[in-house]
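Number of protein chains: 2
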Amino acid sequence: MLKRERQAYILHQVNLHNKVLSSNLSQEMNVSEDTIRRDLLELTGQGKIIKVHGGALSHSFSNFYTPVNNVYSYAHKKIIAEKAAALVKNGMFVLTSGGTTVIELARTLPHDLRATFISGSIPAIVEYMHHPNIEVIVIGDKVSKSSKITVGGEAISRIRQIKAELCFLGINAIDVRHGITDNDWDVVQLKKAMIESAQKVICLSISEKINSFQPIKICDVKEIDMLITELDPLHPVLQPYADAGVEVL
Amino acid sequence: MLKRERQAYILHQVNLHNKVLSSNLSQEMNVSEDTIRRDLLELTGQGKIIKVHGGALSHSFSNFYTPVNNVYSYAHKKIIAEKAAALVKNGMFVLTSGGTTVIELARTLPHDLRATFISGSIPAIVEYMHHPNIEVIVIGDKVSKSSKITVGGEAISRIRQIKAELCFLGINAIDVRHGITDNDWDVVQLKKAMIESAQKVICLSISEKINSFQPIKICDVKEIDMLITELDPLHPVLQPYADAGVEVL
DNA sequence: CGGGATGTTGCGGTTTTGTGCAGGATTTTC
DNA sequence: GAAAATCCTGCACAAAACCGCAACATCCCG
Numbered sequence: 001m002l003k004r005e006r007q008a009y010i011l012h013q014v015n016l017h018n019k020v021l022s023s024n025l026s027q028e029m030n031v032s033e034d035t036i037r038r039d040l041l042e043l044t045g046q047g048k049i050i051k052v053h054g055g056a057l058s059h060s061f062s063n064f065y066t067p068v069n070n071v072y073s074y075a076h077k078k079i080i081a082e083k084a085a086a087l088v089k090n091g092m093f094v095l096t097s098g099g100t101t102v103i104e105l106a107r108t109l110p111h112d113l114r115a116t117f118i119s120g121s122i123p124a125i126v127e128y129m130h131h132p133n134i135e136v137i138v139i140g141d142k143v144s145k146s147s148k149i150t151v152g153g154e155a156i157s158r159i160r161q162i163k164a165e166l167c168f169l170g171i172n173a174i175d176v177r178h179g180i181t182d183n184d185w186d187v188v189q190l191k192k193a194m195i196e197s198a199q200k201v202i203c204l205s206i207s208e209k210i211n212s213f214q215p216i217k218i219c220d221v222k223e224i225d226m227l228i229t230e231l232d233p234l235h236p237v238l239q240p241y242a243d244a245g246v247e248v249l
Numbered sequence: 001m002l003k004r005e006r007q008a009y010i011l012h013q014v015n016l017h018n019k020v021l022s023s024n025l026s027q028e029m030n031v032s033e034d035t036i037r038r039d040l041l042e043l044t045g046q047g048k049i050i051k052v053h054g055g056a057l058s059h060s061f062s063n064f065y066t067p068v069n070n071v072y073s074y075a076h077k078k079i080i081a082e083k084a085a086a087l088v089k090n091g092m093f094v095l096t097s098g099g100t101t102v103i104e105l106a107r108t109l110p111h112d113l114r115a116t117f118i119s120g121s122i123p124a125i126v127e128y129m130h131h132p133n134i135e136v137i138v139i140g141d142k143v144s145k146s147s148k149i150t151v152g153g154e155a156i157s158r159i160r161q162i163k164a165e166l167c168f169l170g171i172n173a174i175d176v177r178h179g180i181t182d183n184d185w186d187v188v189q190l191k192k193a194m195i196e197s198a199q200k201v202i203c204l205s206i207s208e209k210i211n212s213f214q215p216i217k218i219c220d221v222k223e224i225d226m227l228i229t230e231l232d233p234l235h236p237v238l239q240p241y242a243d244a245g246v247e248v249l
């Protein structure tokens, strides 16, 4: 059997079944596993397949991009994401809400991080899936089109069963007097449940949202543990929050 | 034997068998392998064949196996998606698995369709979300990186609570003797649960996967209600399935 | 008809490619 | 944390490709 012929067959199998095992192929074609391994390596180099331990996967499947569309205050959110990403250590269980800042955090996570992320935000899940060493747990329920997150009683009762180490909350408005507020009833219920289910709650917010408020209350400022903005922690606008016992980063 | 005559013969052989070996040809025509090599080189220069180490391959051979689009057999999957999309009516509850064919179905659904789709496939969910009138229910659990679908006991017990009208199953291999089979244990469990939870099970498969099988069994052919391929329903390869009581479309 | 130009083929030697194997490193799995 | 599976690296060897050359055939034109 010719080399190219063999490689074409492998490609065919991968495309057909999305996955092949080296041991399997070597037996089918009567060549050593070493040869198969070299074929897979070559096909990977050509970008035709994705080689993994023990075999190969189809490429077409994992190839859906999510372009960085014009995210408001992108530069600020990037700074916040980097500060937040540094807090996640190997082995942690992390609960996250939705929102563009959290999605940016998902993109920013180091490639070699080994942790478990739990979320109901579809765009965030898509980003987590791109990281090879991150386990992703999806909170199921009905998808809210406006926030692209699963909401409802089912989602809340699932969250209640969890006790995560960290919880990253992308927030919409924060104010010392009114606490953390939002404008979507379902999302508020969800965030409340998340706060209950985490040992440490970290809020992510661009400074513009600080000292603003919205109709529905999530919780008081003192119930959160940390606040991350793009500003320097010593910036005067953050002082009231530090005074209220929130760690500011 | 003249040069032209020899080359014509080689071309004929390549087109006939999709592959020739230099050693073989040199013996058949009683010329040195060097001469054959030079012939192949010339034919390759004319774009008539593809020369490889040890022989030559026909063009159709490598074209056949190399996906032109990102998605393998895109055109075929598009046809299947259109046939399937026509079956979904307003108000229906539809359960779907993962796989590129199902994702294509999600893209193909008419814009004004009002229905509820339930799935654990992240790429499919992303597509459903683009439709303004479709309600999306996410089945939560741990995400399997290879199949981009949520798998596990939690997912299965959620599916069990559902009774959907339709279930679209992208399948990996189908065979009258072995039934419907797959190569991923977790995915098989999920698909089994889906079959139980739907009134009507519709399998989507490109014809290439017909009469092939994989290590793990999902169910017998008679347990599904409909089979959709890109072929005409009267195509002989589909006859055995129609005979087994499956509606072929 | 002759002789040079051109084209084709086979051969010997060298280089490149493809394959399998042994070992040790690495990863996965239980 | 040890056993098993899979990987990587270097090596050996065979098969194929390549290169230059010589032998022969063919053609062309005076």
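Chains as they are written, first to last, in our numbering: chain A, 1 to 249; chain B, 1 to 249.
All C-beta atoms in this analysis are idealised placements derived from N, C-alpha and C, irrespective of residue type, glycine included.
key: Sheet register partners of V176/B (DSSP bridge)   = Within the second sequence, numbered from 1, the residue matching residue 176/B stands at position 176. DSSP links V176/B through a beta bridge to no other residue.
request  = Could you tell me how far apart the beta carbons of S22/B and G55/B are, in whole angstroms, since I believe they sit closer than 8 Å?
outcome  = Locating residue 22/B in the second sequence gives position 22, counting from the first residue. Locating residue 55/B in the second sequence gives position 55, counting from the first residue. The beta-carbon separation of S22/B and G55/B, rounded to 5 Å, stays under the 8 Å limit for a contact.
task = Out of I103/A, Q27/A, L2/A, E42/A, state which residue places its alpha-carbon closest to the alpha-carbon of N24/B.
result = For the purposes of this step, residue 24/B is identified with residue 24 of the second sequence, where counting begins at 1. That would be L2/A, whose Cα lies nearest to the Cα of N24/B.
query = What's the call for L105/B, buried or exposed, on a 16-neighbour Cβ count within 10 Å?
reply = Start at 1 with the first residue of the second sequence, and residue 105/B comes out as number 105. Buried is the call here.
inquiry  = Could you check whether the Cβ of L166/A sits closer than 7 Å to any Cβ belonging to chain B?
reply    = For this step, residue 166/A is matched to residue 166 along the first sequence. It does not; no Cβ of chain B falls within 7 Å.
ask   = Residues of chain B with a CB under 8 Å from the CB of K142/A: which are they?
value = Position 142 of the first sequence holds residue 142/A. Those within 8 Å of K142/A in chain B are E135, V136, I137, V138.
query = What whole-angstrom Cβ distance do G170/B and V246/B have, given they're in contact under 8 Å?
reply = One-based indexing of the second sequence puts residue 170/B at position 170. One-based indexing of the second sequence puts residue 246/B at position 246. Taking a contact as a CB-CB distance under 8 Å, the pair G170/B and V246/B does not count as one, their CB atoms being some 16 Å apart.
query = Contact between the segment 70-90 of chain B and the segment 223-242 of chain B: three or more CB pairs below 8 Å?
reply = The segment 70-90 of chain B vs the segment 223-242 of chain B: in contact.
query = Which residues of chain B have a Cβ atom closer than 7 Å to the Cβ of R107/A, listed in chain order?
reply = As a working note, residue 107/A is residue 107 in the first sequence. Within 7 Å of the CB of R107/A, no CB atom of chain B is found; the nearest one sits about 16 Å away.
ask   = If you measure from the beta carbon of I195/B to each beta carbon in chain A, is any gap under 7 Å?
value = By one-based count along the second sequence, residue 195/B stands at place 195. So no, I195/B is outside the interface.
Reference M226/A, options V52/A, N18/A, I195/A, A124/A, closest by Cα = What you label residue 226/A is simply residue 226 of the first sequence in a count that begins at 1. Comparing C-alpha distances from M226/A to each of V52/A, N18/A, I195/A, A124/A shows the shortest one belongs to I195/A.
query = Quick one: is A155/B buried, meaning 16 or more other Cβ sit within 10 Å of its Cβ, or exposed?
reply = Start at 1 with the first residue of the second sequence, and residue 155/B comes out as number 155. Looking at its Cβ environment, which holds 16 or more other Cβ atoms inside 10 Å, A155/B is buried.
task = Classify D184/A as helix, strand or coil using the three-state DSSP reduction.
result = Numbered from 1 along the first sequence, position 184 holds the residue referred to as residue 184/A. Here D184/A carries a coil assignment [DSSP, helix/strand/coil].
query = Any idea if G99/B is buried or exposed, counting beta-carbon neighbours within 10 angstroms, 16 or more meaning buried?
reply = Here residue 99/B refers to the residue found at position 99 of the second sequence. Counting Cβ neighbours within 10 Å, G99/B comes out buried, since at least 16 surround it.
inquiry  = Could you tell me the alpha carbon to alpha carbon distance between V14/A and V88/B, rounded to whole angstroms?
reply    = In the first sequence, the residue the question calls residue 14/A occupies position 14. In the second sequence, the residue the question calls residue 88/B occupies position 88. So the alpha carbons of these two residues sit roughly 31 Å apart.
task = Taking I79/A as the query, report the chain B residues whose CB atoms sit under 7 Å from its CB, ordered along the chain.
result = In the first sequence, the residue the question calls residue 79/A occupies position 79. Within chain B, no residue comes near I79/A; the closest Cβ sits about 28 Å away, beyond 7 Å.
message = Which residues in chain A have a C-beta closer than 8 Å to the C-beta of K222/B? List them in chain order.
response = Counting from one through the second sequence, the residue named residue 222/B turns up at place 222. Within 8 Å Cβ-Cβ: nothing; K222/B doesn't reach chain A, min ~23 Å.
ask   = What number of angstroms, rounded off, separates the C-alpha of V237/B from the C-alpha of N18/B?
value = As a position in the second sequence, residue 237/B is number 237, starting the count at 1. As a position in the second sequence, residue 18/B is number 18, starting the count at 1. Taking the straight line joining both Cα atoms gives about 23 Å.
message = Here's a check: name, in chain order, each residue in its chain whose Cβ is nearer than 7 Å to the Cβ of D257/B, leaving out the five neighbours to either side.
response = In this structure chain B extends from 1 to 249, so residue 257/B is not present and cannot be described.
ask   = Can you tell which of T96/A, G120/A, H130/A has its C-alpha closest to the C-alpha of V151/A?
value = To locate residue 151/A, count along the first sequence from 1; it is residue 151. That would be G120/A, whose Cα lies nearest to the Cα of V151/A.
key: Residues of its chain near E42/A, where Cβ-Cβ distance is below 8 Å and the 5 sequence neighbours each way are ignored   = As a first step, residue 42/A must be located in the first sequence, where it is residue number 42. Once the five neighbours on either side are set aside, the close Cβ partners of E42/A are Q7.
Assigned exposure category for S32/A - 16 Cβ within 10 Å defines buried = As a working mapping, residue 32/A is identified with position 32 in the first sequence. Note on S32/A: under 16 other CB atoms within 10 angstroms of its CB, so exposed under the neighbour-count rule.
request  = Could you tell me whether the Cβ of T150/B comes closer than 7 Å to any Cβ of chain A?
outcome  = Taking the second sequence and counting its residues from 1, the one referred to as residue 150/B is at position 150. Taking Cβ atoms only, chain A reaches closer than 7 Å to T150/B, which makes this a yes.
ask   = If you follow the alpha helix (DSSP H) that Q214/B is part of, which residue opens it and which one closes it?
value = Against the second sequence, residue 214/B aligns to sequence position 214. If you look at Q214/B, you'll find it isn't in any alpha helix (DSSP H); DSSP assigns it neither H nor E.
ask   = Enumerated in chain order, which unbroken segments of the alpha helix (DSSP H) with a length of 4 residues or greater are wholly contained in the segment 24-86 of chain B?
value = Counting only unbroken stretches of 4 or more residues, the alpha helix (DSSP H) elements lying wholly within the segment 24-86 of chain B are 33-45, 59-65, 74-85, in sequence order.
query = What residue from G179/A, Y128/A, I216/A has the CA that sits closest to V287/A's CA?
reply = Any property of residue 287/A remains undetermined from this structure, which presents chain A solely from 1 to 249.
Below-7 Å beta-carbon distance, I162/B vs any chain A residue = As a working note, residue 162/B is residue 162 in the second sequence. Taking 7 Å as the CB threshold, I162/B stays off the interface with chain A.
query = Which residues in the same chain have their Cβ closer than 7 Å to the Cβ of H235/B, if we skip the five residues on either side of it in sequence?
reply = Working through the second sequence from its first residue, we reach residue 235/B at position 235. There are no such residues.
ask   = A198/B lies in the beta strand (DSSP E); which residues open and close that run?
value = Taking the first residue of the second sequence as 1, we reach residue 198/B at position 198. Taken as a continuous stretch (DSSP letters only), the beta strand (DSSP E) holding A198/B covers 198-204.
request  = Could you pull the start and end residues of the alpha helix (DSSP H) that T108/B belongs to?
outcome  = For the purposes of this step, residue 108/B is taken as the residue at position 108 of the second sequence. Residue range 100-108 is occupied by the alpha helix (DSSP H) that includes T108/B.
task = Please report how far the alpha carbon of G91/A lies from the alpha carbon of K83/A, in whole angstroms.
result = As a first step, residue 91/A is located in the first sequence; it is residue number 91 there, counting from the start. As a first step, residue 83/A is located in the first sequence; it is residue number 83 there, counting from the start. Their backbone Cα atoms lie some 19 Å apart in a straight line.
key: Assigned secondary structure, A115/B (DSSP; H/G/I helix, E/B strand, else coil)   = Numbered from 1 along the second sequence, position 115 holds the residue referred to as residue 115/B. In the three-state reduction of the DSSP assignment, A115/B falls in the strand class, which pools E and B.
Pairwise C-alpha distance: H178/A and R107/B = Residue numbering aside, residue 107/B sits at position 107 when the second sequence is read from its first letter. Residue numbering aside, residue 178/A sits at position 178 when the first sequence is read from its first letter. Rounded to the nearest angstrom, the two C-alpha atoms are 43 Å apart.
query = From K217/A to V188/A, what does the alpha carbon distance come to, in whole angstroms?
reply = In the first sequence, residue 217/A corresponds to position 217, counting from 1. In the first sequence, residue 188/A corresponds to position 188, counting from 1. Across the structure, K217/A and V188/A are spaced so that their CA atoms are roughly 7 Å apart.
key: Coil, strand or helix - S97/B by DSSP   = Residue 97/B sits at position 97 when you count from the first residue of the second sequence. The answer is coil: DSSP assigns S97/B none of H, G, I, E or B.
key: Partner residues on chain B for I159/A, Cβ-Cβ distance less than 9 Å   = As a position in the first sequence, residue 159/A is number 159, starting the count at 1. Those do not exist, as I159/A stays about 10 Å from chain B at its closest Cβ, beyond 9 Å.
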